Each structure stands twice: as structure tokens, then as C-alpha cells.
Amino acid sequence: MAGKSKSDAKDDFCGFFKESLSCITDAYLHPIQISDNRFLLTYEPLPALFCAEQRTLSITQLFTVCQDKARGGYKVRTLQYDYSLNGPDENGVWDEIVSYHWHPEESAVREPHLHVACVPRIHFPTSRVSVERFIRMLIDYYDIQPILADAVWKEILERNGRAFDAMATWK
Amino acid sequence: MPVAKKVTWVTRDQAMALLDARARRVLKMSGDEFVAKWKAGHFKNMDSGDCPGVIGVALLASASEKPRGRKKQKRRKR
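This is the structure:
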């Protein structure tokens, strides 16, 4: 997730991010350049996931590229994220079943937090969550079926999760 | 390790089309309408508990912002 140039760093990050998500969906993740140094990854439309129940995935990641003072070169710095699992409620209205947010530019709650549909107004404080841990939780506890062989998706999530841990400057 | 491929980045206009689709589905309003209300602070401090999906739309709406930077100023002739 680091690169010799800014372009290498952001393309490398996109590669890791897409690879992790490829464990549960083959939908196209749109890479959007917002300005010279602000980028966004998102799905539109939201991909349906393999599950006995109707479930869709929302992923939006806003990031920038900065100098990597520890290793030299450049690295990606996350600015905001939204990772959500969606499904219909008892009335058939689509809702966020579980969502991990960090959006310091959008609300008074500036720390990373968790929403659970049954108590939607509570912002449960969390550490910073990687997309790999979010995907692993969906597989382990929300019955989302991986679309890759077990040995493959496990290896991808473990490897990319370690890369996140190594590169993250805060959690 | 994934092979780093050259990524084709979506342009701002294409991003606005994605925002329009998302805003219509989640909030039943156009992308332009969402951006106007978002810039006016209508969605400030709103979160999943108030309106599921609003944060995803708000993050995508940041694509509507014009790139920040210093305007080039004409040099005055001496």
C-alpha cells in the first residue's frame, strides 16, 4: 500500500482494496478522482451478496496520498469510510443492518463508530476498522458466502489485513 | 500480493451520475437536490439512525466539490 510515486501508492491501495472485496463480490468498484489529491472508491449500484436472505453491500472509502515519512515514498491516508451491510426490515424497507463508519467531516461524531439496526441511534465507539475485518465479520456472523475457495479468501483477508496493520498510523 | 495495475479513474461528471443514482434510490431525490441541501447543512449531524444510507450519499457528494486551490491571478504590469 505504498509506492514510489503518488500514482503508484493510490493504484496499489486500490489493488489491495479490490482484492479484499473480491472475496465476497465481483461487482465493479468505481475509483473516483475528486480533486488533485482526494480519491473515493464506491459501489453503485450496490452489489447483492450471496446469502440465504436479501443482502447488499455499501462500501465508500475516501482517501488521500501523502509522503510516507517512515519508509520513504508515498502512502494512502484514509479520510472517511462507510462499510455497511443492508437488507430489508420487517416492513420490507431497506435498512443498514450493521455499519461501520468514520466520517469526521460529516457529523459531530468524529470518532470511528458502529451502527446496529436494532438500536440505530447509538454510535457504538470502535477502533478504526479495516475492510478486511468487516468482510471477515460478514462471513463469520452474517452468513455471507465467499465467492472464492476457502483457502484463497482466507489467505487474501489475512495477508491484506496484516498489510493494513503494518501501514496504519492509528487505530 | 495484488499486482498493481494502472487504475482508470472516473471523472467528476461520471461521479455525479453515480451520486444521482444513489441519491434517488436512498433518499428519493436527485443528486443535484441532495448536493444543494447537503451544502446548506441540511444533513449535518444526520447518521444511519436518522436516515439509513445518508452517509454513503454524503461521502459520494464530496465528488461534487470543485477542486480547491489558489486562483491564478494576473500579474500586474509594472
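These protein sequences, in sequence, are chains A and Y.
Each residue of the first sequence is one higher than the one before, starting from 2 at the first, in the working numbering.
Each residue of the second sequence is one higher than the one before, starting from 3 at the first, in the working numbering.
Every residue gets a Cβ at the ideal spot worked out from N, C-alpha and C, and that includes glycine.
Fair warning: this is a prediction, and the values are worked out from it, not measured in the lab.
With a threshold of 8 Å between beta carbons, is residue i in contact with chain Y?
i        : result
Ala167/A : no
Lys7/A   : no
Go ahead and pull the three-state DSSP assignment for residue i.
i        : result
Gly71/Y  : Residue placement at Gly71/Y cannot be trusted, given a pLDDT of 49 that sits under 50; what the coordinates show is reported in the next sentence. Three-state result, Gly71/Y: coil.
Asn87/A  : strand
Glu54/A  : coil
Tyr142/A : helix
Trp103/A : strand
Val77/A  : strand
Report the option in the options whose CA atom is closest to the CA atom of residue i.
i        : options                                 : result
Val12/Y  : His31/A, Arg39/A, Tyr84/A and Val110/A  : His31/A
Arg39/A  : Cys67/A, Ala71/A, Ile25/A and Ala53/A   : Cys67/A
Phe17/A  : Thr65/A, Val132/A, Asp27/A and Cys52/A  : Val132/A
Ser21/A  : Glu106/A, Thr170/A, Ser8/A and Pro147/A : Pro147/A
Cys119/A : Val37/Y, Arg14/Y, Ala23/Y and Ser50/Y   : Ser50/Y
Leu86/A  : Val130/A, Thr79/A, Pro113/A and Ile98/A : Ile98/A
Can you give the Cα-Cα distance for residue i and residue j, rounded to whole angstroms?
i        : j        : result
Asn47/Y  : Val110/A : 8 Å
Ile35/A  : Gln16/Y  : 11 Å
Glu91/A  : Met138/A : 23 Å
Ala49/A  : Tyr84/A  : 14 Å
Leu1/A   : Arg27/Y  : Summary: the structure shown does not reach residue 1/A, with chain A confined to residues 2 through 172, and so no result is reported for it.
Ser64/Y  : Ala150/A : 37 Å
Asp34/Y  : Lys76/A  : 33 Å
Ser32/Y  : Met18/Y  : 10 Å
Lys172/A : Trp103/A : 12 Å
Are any of the Cβ atoms in chain A nearer than 8 Å to that of residue i?
i       : result
Gly33/Y : no
Asp49/Y : yes
Determine the burial state of residue i: buried for a count of at least 16 other Cβ atoms within 10 Å of its Cβ, exposed for fewer.
i        : result
Arg72/A  : exposed
Ser128/A : exposed
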